[in-house]
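Residues in the sequence shown are numbered from 324 upward in steps of one, following my numbering.
These notes concern the structure reproduced below.
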Amino acid sequence: MGNKLVGYGAYLPSRIMTNADFERIMDTTDDWIVTRTGIRERHIARDDETVVDMATIAAQRALENANITIDDIDMVIVATTTPELDFPSVGVQVLGRLGATKSQPAFDVRGACTGYIYALHTARAFFTAGIHKRIMIIGAEKMSRFIDWTDRSTAVLFGDGAGALIFEHSTSSYSGIIDTVVMADGDGYEMLHGTENHKIIMNGPETYKRAVMSMPHAARYIMEHAGITADNVDWIIPHQANLRIIESCAARLDFPLDKILVTVDKHANTSGASGVLALAYGFESGMIRHGQLILYPAFGSGLTWGAALIRV
Numbered sequence: 324m325g326n327k328l329v330g331y332g333a334y335l336p337s338r339i340m341t342n343a344d345f346e347r348i349m350d351t352t353d354d355w356i357v358t359r360t361g362i363r364e365r366h367i368a369r370d371d372e373t374v375v376d377m378a379t380i381a382a383q384r385a386l387e388n389a390n391i392t393i394d395d396i397d398m399v400i401v402a403t404t405t406p407e408l409d410f411p412s413v414g415v416q417v418l419g420r421l422g423a424t425k426s427q428p429a430f431d432v433r434g435a436c437t438g439y440i441y442a443l444h445t446a447r448a449f450f451t452a453g454i455h456k457r458i459m460i461i462g463a464e465k466m467s468r469f470i471d472w473t474d475r476s477t478a479v480l481f482g483d484g485a486g487a488l489i490f491e492h493s494t495s496s497y498s499g500i501i502d503t504v505v506m507a508d509g510d511g512y513e514m515l516h517g518t519e520n521h522k523i524i525m526n527g528p529e530t531y532k533r534a535v536m537s538m539p540h541a542a543r544y545i546m547e548h549a550g551i552t553a554d555n556v557d558w559i560i561p562h563q564a565n566l567r568i569i570e571s572c573a574a575r576l577d578f579p580l581d582k583i584l585v586t587v588d589k590h591a592n593t594s595g596a597s598g599v600l601a602l603a604y605g606f607e608s609g610m611i612r613h614g615q616l617i618l619y620p621a622f623g624s625g626l627t628w629g630a631a632l633i634r635v
């Protein structure tokens, strides 16, 4: 059983924090940040703005884009690493906010920056099994909750936001979520993780090395499994962590930079929301058109990595 993309939506907080803002609170410069990361600005949620708030707005916009209601959705899967509450899940809370009445299942997945690929992988399995007909995937993060505003090596990297995608059953096996692969290596835990007091610990050089190996590895696996080459792909939308990582991955895949969709300069690293926000941006900007083939590689804490192939 195939599927197809029928709706998308995104939400970014109104507050934009530029590199110049960081110059005023720590020993850094716009040039230092741009040279090392490619990031120029990021959206930061208000103190009273939650992951559920952002996820709900993105979900409602996706429903409006698809011209359906929440009760037309059979399942909600949320990729998030930054929920304010340990329970209930963000997915269940979004159902409540949107007034769902069908008791459809909802749950969260925690794959860090690879979370949205884990969500796509899960949705694909449900479509393949024929259990659900219309699934909403949400990526939503408030990374600013974990930022140490005195640590310039990590504070400048992250932003907040949410995106949502809606897929429904289709008789075509070569549309929507075509293929996915997800992987993990628990031995890499110390490279990148959050602490009990909500701070980010990252070994930047080692994380970079693993990212530029793992994302191309997952992308090659997907292309080989699908029997395609980079020439068949219209866009690669990599996890938006760092422009230097994106450029290195493109070089390893021998993929031209003009076919790489980049939003990290505007959004920074939004973790599990990254790829969903980037796809929505691609549609809104006119860069991505329906019918195109998208390759989606990602890498995150865990360590986790993976990729998806999607016909939009």
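Virtual Cβ for every residue (Gly too), placed ideally from N, Cα, C.
Item, Value
"Nonlocal neighbours in the same chain, by C-beta distance under 6 Å from residue 642, ignoring five residues either side", "The displayed coordinates of the chain run from 324 to 635. Any statement about residue 642 would go beyond what the structure contains."
"Coil, strand or helix - residue 564 by DSSP", "coil"
"Through-space distance from residue 428 to residue 415, alpha-carbon basis", "8 Å"
"Paired residues, beta bridge with residue 532 - DSSP", "Beta-bridge pairing links residue 532 to no other residue."
"Residue 608 burial status per 10 Å Cβ neighbour count (16 or more: buried)", "exposed"
"Residue span of the alpha helix (DSSP H) that contains residue 601, given as start and end", "597-608"
"Beta-carbon spacing of residue 423, residue 596 below 9 Å", "no"
"Contacting residues, own chain, Cβ-Cβ under 7 Å from residue 568 (five flanking each side not counted)", "531, 534 and 535"
"Cβ neighbour criterion (16 or more within 10 Å) applied to residue 555", "exposed"
"Three CB pairs or more closer than 8 Å across the stretch 441-460 and the stretch 584-592", "no"
"Contact under 9 Å by Cβ, residue 612 with residue 501", "no"
"Spatial neighbours of residue 548 in its chain, beta-carbon cut-off 8 Å, leaving aside the 5 residues before and after", "502 and 504"
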